[in-house]
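Reviewing the structure listed below.
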Amino acid sequence: MDTQTMINNKPITKLAALLLCSLTLAAVVVSEAKAACAPVPDIAITLPPLTFDGPADGPSIGQPIGSNWGAEISTPNYFSGCRVLRIITTPSLSNIVPGITYTENGVTYPIFSTSVPGIGIIIGLKPTNTSIYKPLRQPITEVFNGDSFGLGIDARAKLIVVGQLRAGVYNIAYGSLARINGSDGTGIGGSLLTLNPTTLTIRARTCQLSSASVQDVILPPVSKNQFSGVGTSPSVGQNFTVTTNCEAGVNLYATVTDANNPANTGNVLTLGENTTASGVGIQILRNNSPISFGPDSSAAGNLNQWYIGTANNTGNDAFTIPLRARYVQTDTNMVAGVVKARTTITFSYQ
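Set out below in structure tokens:
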């Protein structure tokens, strides 16, 4: 019986020693992993040199420059050897373009301003092992919330049209787009996402005004008995023309704006300073029809914008726009005097 007990005790003693050795090894592994836990240094994405060649108002607001994401980077070992519970990003960019967003695959991105007129930028981030990017937003964007041992980060950027484009060669150089921070519950740290310098060449085709930029249109004197009721006009008026020369392929549009009341979308101009008459207004006619006014904007599809013509492929195509100003009765009670109004014409190059 004693011999059997000794034999049985020996394996038990060895087993305990093996278990102790295994536990010690595990403790060493955990200790080494924690010591090596750190995000990679700053990562940079690079937009290739880009060129836009077309009418200045041709691309619609919110349209990307190019069909693909211009800059992408994947860093599968971004948080190597770390237990990661959460990743957030804080944008370094401060100015968001108001009223304009970009949507792709059901995800809506805010657009940040750039130093290039009419151009903004969007940024997306995601864990490497997932497929859905999250847009960089203010004040923070939560890229990951879970529990992972080690985690990679992917980032991408795209340029977006946010206004009329101006011809030129522009340098785009951001020192920092965002800061990426990870947490294991107590803190890991993070690094910067930056954009490498690149150039954007814009060959924005436009038209040049060849007639006077300011015209004084003088209407002839009329008497009250030349009107026959509200909405009527005497036969007299004053013709004037606006002439432009356009580069190849430009689709020329125009909007007439009431300079005294830019919100006016009717077809009678608001009377201005030094007007002494009342019950009468002024209309601008095109093809013998009163023009309805719209906002002072060159954006495609602007309210009450109208088409003039398309420049041929050889370029330097001239367009002469005949217009006419006339009086119109606006009230049953008319008072004789001086009538003054102001209007502007905004061209759109589509």
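Throughout the sequence shown, residue numbering follows mature numbering (1 follows the signal peptide of the UniProt record, and there is no 0), covering -26 to -1, 1 to 324 in sequence. Just so it is clear, CB atoms sit at the ideal spot from N, CA and C, and this is done for glycine as well. Since we're looking at a predicted model, the values are computed, not measured.
Range of the contiguous beta strand (DSSP E) that encloses residue i
{"i": "I39", "result": "Looking at the DSSP string, I39 is not in any beta strand (DSSP E), and its letter there is neither H nor E."}
{"i": "V135", "result": "115 to 135"}
{"i": "V210", "result": "Segment: none, V210 is in no beta strand (DSSP E) and carries neither H nor E."}
{"i": "S54", "result": "45 to 65"}
{"i": "L166", "result": "163 to 179"}
{"i": "R260", "result": "254 to 260"}
{"i": "L297", "result": "291 to 303"}
{"i": "S184", "result": "Neither: S184 is in no beta strand (DSSP E) and is coded neither H nor E."}
{"i": "residue 325", "result": "Beyond the ends of the chain as shown, which are -26 and 324, falls residue 325; an answer cannot be given."}
{"i": "G98", "result": "93 to 101"}
{"i": "residue 339", "result": "Since the displayed the chain opens at -26 and closes at 324, residue 339 lies outside it and no answer follows."}
Where residue i sits in the DSSP three-state scheme
{"i": "N278", "result": "coil"}
{"i": "K198", "result": "helix"}
{"i": "V313", "result": "coil"}
{"i": "S76", "result": "In the sequence as presented, Ser is not what sits at residue 76; that position holds Tyr. Of the three classes helix, strand and coil, the one that applies to Y76 here is strand, per DSSP."}
{"i": "P236", "result": "coil"}
{"i": "R140", "result": "coil"}
{"i": "G31", "result": "A small correction: the amino acid at residue 31 is Asp; Gly does not occupy that position in the sequence shown. Residue state, collapsed to three classes: coil."}
{"i": "F267", "result": "coil"}
{"i": "A10", "result": "Reliability of the predicted coordinates at A10 is poor, the pLDDT of 47 falling under 50, and the value obtained from them is presented with this limitation in mind. It is helical."}
{"i": "Y107", "result": "coil"}
{"i": "V242", "result": "coil"}
{"i": "A273", "result": "coil"}
{"i": "S68", "result": "coil"}
{"i": "L226", "result": "strand"}
{"i": "I(-20)", "result": "Unreliable placement is indicated for I(-20), whose pLDDT of 34 sits below 50; the coordinate value is still reported in the next sentence. Helix at I(-20)."}
{"i": "A251", "result": "coil"}
{"i": "L193", "result": "coil"}
{"i": "V90", "result": "coil"}
{"i": "Y323", "result": "strand"}
{"i": "P145", "result": "As written in the sequence, residue 145 is Asn, which differs from the Pro given in the question. In this structure, N145 counts as strand in the three-state DSSP scheme."}
Closest by C-alpha distance to residue i, when choosing among the options
{"i": "N69", "options": "I256, S54, I85, G55", "result": "I85"}
{"i": "N42", "options": "T104, V136, P22, V302", "result": "P22"}
{"i": "residue 380", "options": "G120, T215, C220, S197", "result": "For residue 380 there is no data in the structure shown, the boundaries of the chain being -26 and 324."}
{"i": "A251", "options": "N119, V204, N235, M308", "result": "M308"}
{"i": "residue 328", "options": "G275, L243, G92, N235", "result": "Because the chain here runs from -26 to 324, residue 328 falls outside it and cannot be looked at."}
{"i": "F26", "options": "N199, N278, R179, T317", "result": "R179"}
{"i": "I265", "options": "D232, L245, E247, T294", "result": "D232"}
{"i": "T294", "options": "G28, G55, P195, T215", "result": "T215"}
{"i": "W280", "options": "G253, Y227, I47, G40", "result": "Y227"}
{"i": "I282", "options": "A186, C220, D270", "result": "C220"}
{"i": "T218", "options": "R260, T320, I74, E78", "result": "T320"}
{"i": "S202", "options": "E46, N79, Y301", "result": "Y301"}
{"i": "G311", "options": "P194, L24, R111, N235", "result": "P194"}
{"i": "S89", "options": "G159, L67, S105", "result": "L67"}
{"i": "C181", "options": "N290, N278, N286, E78", "result": "N290"}
Distance CB(residue i)-CB(residue j) smaller than 7 Å
{"i": "T20", "j": "T63", "result": "no"}
{"i": "S150", "j": "V58", "result": "no"}
{"i": "A147", "j": "I176", "result": "no"}
{"i": "P117", "j": "I61", "result": "First, the amino acid is wrong: residue 117 is Val here, not Pro. Their beta carbons are under 7 Å apart, which means V117 touches I61 by this criterion."}
{"i": "A205", "j": "R298", "result": "It should be noted that the sequence gives Gly, not Ala, for residue 205. Against a cut-off of 7 Å, the Cβ pair of R298 and G205 comes out as no contact."}
{"i": "Y144", "j": "L174", "result": "yes"}
{"i": "T304", "j": "G240", "result": "no"}
{"i": "Q138", "j": "A30", "result": "yes"}
{"i": "T229", "j": "N276", "result": "yes"}
{"i": "T102", "j": "S54", "result": "no"}
{"i": "A315", "j": "G246", "result": "yes"}
{"i": "A152", "j": "P65", "result": "yes"}
{"i": "V136", "j": "P33", "result": "no"}
{"i": "L166", "j": "D16", "result": "yes"}
{"i": "I96", "j": "Y83", "result": "yes"}
{"i": "P236", "j": "D270", "result": "yes"}
{"i": "G94", "j": "V71", "result": "yes"}
{"i": "S207", "j": "S272", "result": "no"}
{"i": "A172", "j": "N225", "result": "Here the sequence assigns Thr to residue 172, which means Ala is not the residue at that position. In this structure, N225 does not lie closer than 7 Å to T172 by Cβ."}
{"i": "V313", "j": "T249", "result": "yes"}
Nearest-angstrom Cβ-Cβ length linking residue i and residue j, presumed shorter than 8 Å
{"i": "C56", "j": "I127", "result": "C56 to I127, Cβ: 12 Å. No contact."}
{"i": "L24", "j": "I35", "result": "At roughly 18 Å, the Cβ-Cβ gap does not stay under 8 Å, so L24 and I35 are not in contact."}
{"i": "L110", "j": "L125", "result": "Rounded, the Cβ-Cβ distance is 18 Å, inconsistent with contact."}
{"i": "P296", "j": "N213", "result": "7 Å"}
Min CB distance residue i to chain D below 7 Å
{"i": "G253", "result": "Looking for chain D here will not work: only one protein chain is present."}
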